[in-house]
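Sequences listed follow chains A and B, in order.
According to this note's numbering, the first sequence holds residues 11 to 99 in order.
According to this note's numbering, the second sequence holds residues 2 to 141 in order.
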Amino acid sequence: MLNTALEIAFWLIGAALALNLIRLLRGPDLTDRILALDTLGINLIALLIVHGMATGSAAGFEVALLLALLGFVATVALCKFLLRGDLIE
Amino acid sequence: MSSASEALVAGLLVIGALFVLLGAIGLARLPDFLTRLHAPTKATTLGVGSLLLASAIHFSDLAGGRISLHELAVACFLFVTAPVSAHLLAKAALHRSTPATGSGTPGGAGREAEQGPSTGAPPASASGAGRLADNDVART
Chain A
11 MLNTALEIAF WLIGAALALN LIRLLRGPDL TDRILALDTL GINLIALLIV
61 HGMATGSAAG FEVALLLALL GFVATVALCK FLLRGDLIE
Chain B
2 MSSASEALVA GLLVIGALFV LLGAIGLARL PDFLTRLHAP TKATTLGVGS
52 LLLASAIHFS DLAGGRISLH ELAVACFLFV TAPVSAHLLA KAALHRSTPA
102 TGSGTPGGAG REAEQGPSTG APPASASGAG RLADNDVART
């Protein structure tokens, strides 16, 4: 049962990544693309967690934490750039 | 692993993946940026939280009852940072949509732009209606 659930989760998260990629490619505004990148990072974290459960290794959590940190810092930096026109004033 | 906890982990996995997919569908299909902002920031975060709960139960069960705490760090970080990044994205979107609407305070212009052309508010003169129409054309 767990293997079937893992496979279903892989397919659903893969479809979510494809939809995020569509929005990233044809987002009309820059903020849409930033939002799509942020969501892409969060969905990659979900994929890493499911992959860690499928392989049984707990090594993916450090990668997931690093990815969350980088995604958050990137989103904040891009939004500050859009708001201020500059990062370090 | 007992079959009850396996069923719980499987159910949480499928529910979490469904919420992640729901957030992505909302991101791809909703018409406006400020509505599009809602889907990933709530549904996707909830889905990842459900997946992390499933992973915590799974690894706690594999370790023989010792509680796995890696997931808690990721979940805490995601649940704290998702509203912050959503707030900053909304601020950036309002800031970008404000100069196209001409004069006015930033908050007021943003709220006018959210309402769309069909409101017919009392202070909307002919130039105001044209401003709103231009804004809608620019946003779609």
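Built from N, CA and C at the ideal position, the CB exists for glycine as well.
Determine which residues of the stretch 24 to 35 of chain B have a Cβ less than 8 Å from any Cβ of chain A, and write them out in chain order.
24, 25, 26, 28, 29, 34
Write down every uninterrupted run of the alpha helix (DSSP H) in the stretch 25 to 70 of chain A whose length is 4 residues or greater and which is fully enclosed by it, in chain order.
40 to 65
When you compare the CB of residue 61/B with every CB in chain A, is at least one pair closer than 9 Å?
The residue given as residue 61/B occupies position 60 in the second sequence. Chain A contact via Cβ: absent.
Whole angstroms is fine: what's the gap from residue 45/A's alpha carbon to residue 89/A's?
Position 35 of the first sequence, counting from 1, holds the residue named residue 45/A. Position 79 of the first sequence, counting from 1, holds the residue named residue 89/A. The straight-line gap from Cα to Cα measures roughly 10 Å.
Would you say residue 48/B lies against chain A (beta-carbon separation less than 9 Å)?
Stepping through the second sequence from its first residue, residue 48/B is reached at position 47. So, interface residue.
For residue 99/A, three-class secondary structure by DSSP
Counting from 1 along the first sequence, the entry for residue 99/A is found at position 89. DSSP places residue 99/A in coil when its eight states are reduced to three.
Does DSSP classify residue 16/A as helix, strand or coil?
Sequence index remark: in the first sequence, residue 16/A carries index 6 (1-based). DSSP places residue 16/A in helix when its eight states are reduced to three.
Does DSSP classify residue 94/A as helix, strand or coil?
Counted from its first residue, the first sequence places residue 94/A at position 84. If DSSP states are grouped into helix, strand and coil, residue 94/A belongs with the helices.
State yes or no: is the C-beta of residue 41/A nearer than 8 Å to some heavy atom of the ligand GTP?
Although the ligand GTP was asked about, the structure shown includes no ligands whatsoever.
8 Å contact criterion, which residue 33/A and residue 39/A should meet: CB distance rounded
Position 23 of the first sequence, counted from the first residue, corresponds to residue 33/A. Position 29 of the first sequence, counted from the first residue, corresponds to residue 39/A. Not quite, the Cβ-Cβ distance comes to about 11 Å (not below 8 Å), so this is no contact.
Contact with chain B by residue 99/A, beta-carbon distance below 9 Å
To locate residue 99/A, count along the first sequence from 1; it is residue 89. Answer no: the Cβ-Cβ gap between residue 99/A and chain B never drops below 9 Å.
Under 7 Å Cβ to Cβ from residue 4/A, same chain only, skipping five residues before and after it: list those, please.
The question about residue 4/A has no answer here: the residues shown for chain A are numbered 11 through 99.
Quick one: what does DSSP say residue 30/B is sitting in, helix, strand or coil?
By one-based count along the second sequence, residue 30/B stands at place 29. Looking at residue 30/B - three-state DSSP - the assignment turns out to be helix.
Does the structure place the stretch 14 to 21 of chain B close enough to the stretch 71 to 79 of chain B that three or more beta carbon pairs sit under 8 Å?
no
Do residue 82/A and residue 82/B have their C-beta atoms within less than 9 Å of each other?
On the first sequence, position 72 is the one that residue 82/A refers to. On the second sequence, position 81 is the one that residue 82/B refers to. It is a contact, given that the beta carbons lie within the stated cut-off.
Report buried or exposed for residue 35/A, applying the criterion of at least 16 other Cβ atoms within 10 angstroms of its Cβ.
As a working note, residue 35/A is residue 25 in the first sequence. By the 10 Å Cβ count, residue 35/A comes out exposed.
Of the listed residues 85/A, 12/A, 24/A, nearest to residue 53/A (C-alpha basis):
The count along the first sequence starts at 1 and reaches residue 53/A at position 43. Nearest C-alpha to residue 53/A: 24/A.
Would DSSP call residue 14/B helix, strand or coil?
As a working mapping, residue 14/B is identified with position 13 in the second sequence. Residue 14/B falls in the helix class under three-state DSSP.
Give the straight-line distance between the Cα atoms of residue 22/A and residue 25/B, rounded to the nearest whole angstrom.
For the purposes of this step, residue 22/A is taken as the residue at position 12 of the first sequence. For the purposes of this step, residue 25/B is taken as the residue at position 24 of the second sequence. Their backbone Cα atoms lie some 10 Å apart in a straight line.
Residue 79/B: first and last residue of the uninterrupted alpha helix (DSSP H) it sits in
Residue 79/B sits at position 78 when you count from the first residue of the second sequence. Run containing residue 79/B: 71 to 98, per the alpha helix (DSSP H) assignment.
Within its chain, find whatever has a CB closer than 7 Å to the CB of residue 73/A; leave out the 5 residues flanking it on each side and keep chain order.
Here residue 73/A is taken as the residue at index 63 of the first sequence, counted from 1. For residue 73/A, where only same-chain residues beyond five positions count, the Cβ hits under 7 Å are 58.
Have a look at residue 98/B and residue 37/A and give me their C-alpha separation to the nearest angstrom.
Translated into the one-based positions of the second sequence, residue 98/B becomes position 97. Translated into the one-based positions of the first sequence, residue 37/A becomes position 27. The alpha-carbon atoms of residue 98/B and residue 37/A are separated by roughly 15 Å.
Classification of residue 79/A by the beta-carbon crowding that lies within 10 angstroms, buried from 16 upward
Counted from its first residue, the first sequence places residue 79/A at position 69. Looking at its Cβ environment, which holds fewer than 16 other Cβ atoms inside 10 Å, residue 79/A is exposed.
Cut-off 8 Å between Cβ atoms - residues of its own chain near residue 77/A, not counting five sequence neighbours on either side
The sequence position of residue 77/A within the first sequence is 67, counting from 1. These residues qualify, in order along the chain: 51, 54, 55, 58.
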